[in-house]
Structure formats: structure tokens, C-alpha cells
Amino acid sequence: MSMVGAIILSIIIGIAAFFIHPLLYIGLALMGLIGWQRVRREREHFHTRVLRIRADYVVPFLPGLIAGSLLSLVTIVIGLTVSIDWLWLLLIVYLLTIVTMNIRWISPAYVGAFMIGVVLLAPFVTTGWPWFDERLQSASQIPVLVIMYLTVLLLSAEGMLIAKRGGSFSSPVVVRSKRGKWVGFHRVKRLWLLPVVLFIPEGAIPTFSFWPILTVAGVSLQPLVVPFLIGTDFKIWSSLPKVVSRKVGNQVLGLALTLALIVCITWYVPWLSVLFAIVAIVGREGIHLMAKIKDRSSTSLFTNQGTGCKVLGILPGSPAEKMGIKIGETILRVNGKMVNNEYSFYEALQENSAFCRLEVIDKAGEVRFAQGALYDGEHHQLGVLLVKEDRELQDSVI
């Protein structure tokens, strides 16, 4: 069999290894928890959920699969090789980040930096458990450069995923401001699962006769598909979800490029691996804090206005979505009547229970008109989410 054929076959067969890896099921359980928390919060704030729990599986599935496939092309070309003990150490580091319940810590920047720290300290640390110490020493035999390569690759994937997909299907939230008024924001909380092909030395695990063995520079390697998790979690108050996500994603890509430059220098100055870990953590934390400070210091976008109603969210499949109403737009008139809160909005809709005509100010500040039919039997009429006031309607969705 040719080398190309062996690589293709190895990816297909390696899927079996992917499905027995504990991190796969831990990641799926965490996605379910994120979805359950989101739906509970949306029902509390709007008396309905925007998306079903399964959306937290479906939305990140394809982007994660594509990103993992692209990274696998690189890892296959460079023959990125680890050991079984190294994979167990990676699982432990992931678990330590997961138990914090801070999804944004499940980032390659933090996981990679922690891995580097453990591997560098392993020769000087003993736990008193011979079996564990032996595994730890074995894992530390894998060159630190391997961790650095993976961190750069995965951090690049994180940047692209946040920039391209982070702002899609964000969750609307309403809270009270310091002045006691209701304000809205969007929360981007997502976990991506990336299948990435790595290699382990032949004989590290039992194989079948049809399992392809690749020989690189005289060393026989077995391919495995390993699950990697990438998490992100941030709030957006003063802008649109896609705008902020694009900026944050590009900044993460910039951090990945900076770390790639450090990797190149580390070839000649090995101790710079410590600098790599520090820059990874400080850089990623700095991106998060700078975005948070800048966002909170600006005027909230989703507030009750003197004129018109700002659209905080749109229910999928609703008349509003079919009319092309977008998050962040302002609905000025409903059926010819001026509106400025959910109550005047609701009253204007009652003018015609089967059809509505909207005057909308789009994100460019231009006025346009939208119209469409309303459906009987729906718990909402139009399907727009607005920032509520202290008085209560039967539903918080109009």
C-alpha cells in the first residue's frame, strides 16, 4: 500500500480509537450541560427557549469537524508523535480545567501552558505513587516542542472558530443594570470538539493485522484520532455578537502567530519554552480582559429607548425571521403606530392579528419596511425578543 493510501486508511480506522477516548464523552456531557443551562436561563428571562438543547451539539459539530480535519493534515505531514502516557497526562490536564466549570479555560492556551509546566517539572517531582510517577516520567520524555506545535495549531483553530462561528446563535440575556433598569446582552458560550490525527510508536497499543503502520525515518508509527476540546465564553453588551466575535477571534489568531514565532526561536534557545507558556496564558487572559473592559465601558446596545424597540433576539422559524428582522435592528413602527417598549409593541400588533407591517431602522441607520403574516396557535405572534420592563405580559416574547 502506498503512503497516501496508508494515511487515508489510517484516518478511517483511527475513528475507532476516537470513539473510545474518555474525553469525547466528557466533552459531549459538557455540551449537554451548557445547553441545559442556556435553555433554563432563556425560559427564565423570556418564558421560552431560543434554541433546543441539541443546538449546543449541532451548531459546533461541523465547524469542529472541519477544523480538526485541517489540523490533521498538518499533524500527518509533520508526523506529530506522542505516547499513551502523554495522552493520559493530557486527559488529566483537561479534567483539571473542566472541573473549574469555567468554559473559557478549556482553551489550547491554558491547556498547552499547563502541559508544558507539568512536563518541565516532572523530572524534579515525585508524588510517592510509583505507578503514577513512572507514567509521569514517561510522558515527560515527549519533547516540549510537540506541545508547542499542538498549542499553536489548536489556538489557530480557536481563533478561526471564534471569528467565523462564535457570533452565530449566541444566547440573549436580560439583567438589571446598576441603575435598576433592564438591559440586554448576548452570551457566547460554546464548546467545540476537534478530532485530530496524532501518531504513537508501534506497539504502544495492540493492533489488528489490517491496522496501517507508517514508517517515518526508520520509525514505525501507529495513527490515532484524538479528541481535543476548545471552549469559549464571553458576554457582549455594546455591540453585535458577530462583530465582537470577529475581533476576539482575530486577536487569538494574532496570539497564535506570536507563539509560532517563539516556537521558531525555541529551536535554538530551548529555555524559551517557559516564555511560550507564560505568553500563552497572559496573552489569552489579556485578550479576554481587554474585550470585557472595552465592552463594559461602552454604552449598552440593548436597552429600552425613547424611540423604537431594539431587537435583542429572534426565534428561529418565526415570522420575524422570515421577514428578515436582524438582531440589533430597531423597530420604529408596528402597523403604523410608534412603539418604544414591549407593551406599546404588543398593543400595536393587536391592530391586525393576521398580518403586520413594520418600519425598521437597520444597523446602517437606514429605514426599511418589512411585512408578513402572523400565525394562529403560536405562543408568540412575531417572534422577537425585546428588553423587558418591570410590568409583566403573559409572555416575554412578542
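By the UniProt record's numbering, the letter at position 74 of the sequence shown is numbered 74, and the numbering carries on one by one without gaps.
Glycine included, each C-beta is placed from N, C-alpha and C at the ideal position.
None of the values given here were measured: they were computed from a predicted structure.
- Residue state for I76 is assigned as helix, using DSSP reduced to three classes.
- Under the three-state reduction of DSSP output, S273 falls in the helix class.
- Rounded to whole angstroms, the gap between the alpha carbons of A17 and L150 is 19 Å.
- About 18 Å separates the CB atoms of V387 and V244; that is not less than 8 Å, and the two are not in contact.
- For K189, the enclosing beta strand (DSSP E) covers residues W182 to P201.
- Rounded to the nearest whole angstrom, the CA to CA distance from R190 to I34 is 8 Å.
- Residues of the same chain with a CB within less than 7 Å of the CB of V39, apart from the 5 flanking positions on each side, are R49 and I53 in chain order.
- Listed in chain order, the non-local C-beta contacts of K363 below 8 Å within the same chain comprise L240, K326, G328 and E329, local neighbours out to five positions each way being set aside.
- Within the same chain, Cβ atoms closer than 7 Å to the Cβ of E359 are found at L332, R333, V367 and F369, the five residues on either side in sequence being excluded.
- The stretch 256-272 makes contact with the stretch 151-165; the number of CB pairs closer than 8 Å reaches 3 or more.
- Counting only the Cα atoms, E42 lies some 44 Å from A139.
- Non-local beta-carbon contacts of L30 in its own chain, meaning distances under 7 Å to residues more than five positions away in sequence, involve I98 and L191 in chain order.
- Assigned with DSSP and collapsed to three states, A29 falls in helix.
- Taking 8 Å as the cut-off, the Cβ atoms of I281 and Y110 count as close.
- Taking C-beta atoms as the reference points, V82 and V146 count as a pair closer than 8 Å.
- Counting only the Cα atoms, L198 lies some 6 Å from P223.
- DSSP places S171 in the uninterrupted beta strand (DSSP E) bounded by S171 to R176.
- Remark: C-beta atoms of L120 and S273 approach each other more closely than 8 Å.
- Straight-line measurement puts the Cα of D85 at about 12 Å from the Cα of P201.
- By the CB criterion at 8 Å, A291 and V248 fall inside the cutoff.
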